[in-house]
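Here the structure is laid out as structure tokens; the discussion comes afterwards.
Protein chains: 2
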Amino acid sequence: MSSTSPTLEALATPDLFEDDRAGHIYRIAAKLIHKQGFDATSMSAIADAAELTKAGLYYYVKSKKELLFKITSLAMDLLEKHVVEPARGVKEPLDRLRAIVLQHSYLLTHETGALAILTDEVAGLEPGDRKIIVARKRSDFDLVRSTLEELRSDGRLRAVDTTVAAFSLLGMVMWIARWYSAEGPLSRDRVAEDIAEIALGAVLSGTGAGQIQTLGNRP
Amino acid sequence: MSSTSPTLEALATPDLFEDDRAGHIYRIAAKLIHKQGFDATSMSAIADAAELTKAGLYYYVKSKKELLFKITSLAMDLLEKHVVEPARGVKEPLDRLRAIVLQHSYLLTHETGALAILTDEVAGLEPGDRKIIVARKRSDFDLVRSTLEELRSDGRLRAVDTTVAAFSLLGMVMWIARWYSAEGPLSRDRVAEDIAEIALGAVLSGTGAGQIQTLGNRP
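First to last, the protein sequences are chains A and B. Numbering-wise, my numbering puts 152 at position 152 of the first sequence, and it's gapless, one number per residue. Numbering-wise, my numbering puts 4 at position 4 of the second sequence, and it's gapless, one number per residue.
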């Protein structure tokens, strides 16, 4: 493995959640909204869950719409810090693709899943805020697709459209937030490793697919 | 191809949308809710879009919560009619898996995408209604997973957990509703065919993967 390639261990540190007080509040709010629905979750209920007075909550955000923007921004921050930035440092496209899928899968098995699901709720944001989130998502998508284009140039990609392939990989990874439960029988490592194998098998051609085994045997 | 196996052509008939007046209203409501968010979409706005008076809309549903249940029920009806039921008639597991992915992908490139996305909003449903939708989703998920188990018995599956694999396939297919636009450069057939190839590559082992090409050459 290239020494610049991120490892699961790098993510498994407490560092993932060394966010500030505001971040802590956004994570609690995201879990509650995910459970009850955005409509049904009042600012009072969020304040209660975060052990704040209502005035205390309004110190952080002026409205539910602004809260949604803060939550989605935090989700994008975590994605960029733990997945996108480390992956940009990986030169070899197959290593990079595997790093993206592995790290992103692992991130989504944490309680950050609720944050990630809310990045879907762009319709509920103010237009200016929506533009910011859409642009950040677009930039992350482009990294996946350009990595697939590199694999295509090397003759390692299936004969499929790279836009379809990039969204398929993103979809299978993002879906984790909707089904994975840490209380269930599957460990985070198992889910991330299996999804990485599934994802590479999904897009690599016969020749490329032969390399999965090698990757699977890494320490 | 087995004669019981569904084809893309079967779905491409106007039959997909031969729903009644109520179904027509639910589809319009779903598109509006998808675009604006559930919270921001009033019953008045839905009535306007459906060219009904507010009283006319209340003839069909008593509340926004009931409307959401009707929308998600319609999404499940379409899935079961056009994907699950035809697939249950396909005996060979690889043919069945390909039929599920192909037909479901094709279904989601239609405007039914907005309906499908709202099946995620179970948190907004009344408890009894939520139970019904969750049970229907579970039954459809079980068909995918049991098909993967059959492929495992035949030695055609990658060494991955079948729950992880089934959710991965479901995620990549469900994601279509979030990104595909009929106004974009990709045809519905192209998307469905590419996703079917990606999905089989994702889960089949080396031996099994060799069969994709054969399937791809079908008429």
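Idealized CB from N, CA, C, for every residue including glycine.
Taking all protein chains shown into account, residue 134 of chain A has fewer than 16 neighbouring C-beta atoms within 10 Å of its C-beta and is therefore exposed. With 16 or more other Cβ atoms inside 10 Å of its own Cβ, residue 96 of chain A counts as buried. Listed by position along chain A, the residues whose Cβ is nearer than 7 angstroms to that of residue 197 of chain B are 158 and 160. Between residue 132 of chain B and residue 34 of chain B, the gap from beta carbon to beta carbon reaches 8 angstroms or more.
Put simply, the stretch 36 to 55 of chain B does not touch the stretch 72 to 88 of chain B. Fewer than three CB pairs are less than 8 angstroms apart.
In this structure, A:173 is the residue among A:165, A:173, A:93 and A:164 with its C-alpha nearest to the C-alpha of residue 166 of chain B.
Three or more beta-carbon pairs drawn from the stretch 148 to 167 of chain A and the stretch 193 to 209 of chain A are found closer than 8 angstroms, and the two stretches are therefore classed as touching. The beta carbon of residue 174 of chain B falls within 8 angstroms of a beta carbon belonging to chain A, placing the residue at that interface.
Counting C-beta atoms within 10 angstroms of its own C-beta, residue 182 of chain A has fewer than 16 neighbours from the protein chains shown and is therefore classed as exposed. Nearest in C-alpha terms to residue 138 of chain B, of all of B:110, B:154, B:76 and B:61, is B:76. Sorting B:146, B:61, B:155 and B:186 by C-alpha distance to the C-alpha of residue 110 of chain B places B:186 at the top. At a cut-off of 8 angstroms between beta-carbon atoms, residue 37 of chain B makes contact with chain A.
The CB of residue 203 of chain B comes closer than 9 angstroms to the CB of 198, 201 and 202 in chain A, given here in chain order. Contacts between residue 167 of chain B and chain A, judged by CB atoms closer than 7 angstroms, involve 175 and 179 in chain order.
Under a 10 Å Cβ-count criterion, residue 59 of chain B is classified as exposed, with fewer than 16 other Cβ atoms of the shown protein chains found around its own Cβ.
Listed along chain A, the residues sitting closer than 7 angstroms to residue 121 of chain B by beta-carbon distance are 37.
The Cβ-Cβ distance between residue 50 of chain A and residue 25 of chain A falls below 8 angstroms.
If you check the CB distance, residue 40 of chain A and residue 124 of chain B come in under 8 angstroms. If you ignore the 5 residues before and after residue 52 of chain A, its C-beta comes within less than 6 angstroms of no other C-beta in its own chain. DSSP, read as helix, strand or coil, puts residue 170 of chain B in helix. Secondary structure of residue 125 of chain B (DSSP, three-state): coil. If you check the CB distance, residue 148 of chain B and residue 94 of chain B do not come in under 8 angstroms. Take residue 145 of chain B, set aside five residues on each side of it, and the residues of its chain with a beta-carbon closer than 6 angstroms to its own are 162 and 166, in chain order. Between residue 74 of chain B and residue 108 of chain B, the gap from beta carbon to beta carbon reaches 8 angstroms or more.
In the three-state reduction of the DSSP assignment, residue 102 of chain A falls in the helix class.
Comparing C-alpha distances from residue 179 of chain A to each of B:171, B:62 and B:128 shows the shortest one belongs to B:171. For residue 170 of chain A, a Cβ of chain B is located within less than 8 angstroms of the residue's own Cβ.
For residue 40 of chain B, the nearest CB of chain A lies under 8 angstroms from its own CB, placing it at the interface with that chain.
Approximately 10 angstroms separates the beta-carbon atoms of residue 169 of chain A and residue 196 of chain A; this is outside 8 angstroms, ruling out the contact. Taking 8 angstroms as the threshold, the shortest C-beta distance from residue 194 of chain B to chain A falls below it. Secondary structure remark: continuous alpha helix (DSSP H) runs of at least 4 residues inside the stretch 26 to 112 of chain A, in chain order: 43 to 49, 54 to 60, 64 to 79, 85 to 88 and 93 to 108.
Taking a C-beta distance under 8 angstroms as the contact criterion, residue 157 of chain B and residue 121 of chain B do not qualify as a contact pair.
Taking C-alpha positions only, residue 153 of chain B is separated from residue 64 of chain A by approximately 51 angstroms.
Chain B has no Cβ within less than 8 angstroms of the Cβ of residue 128 of chain A.
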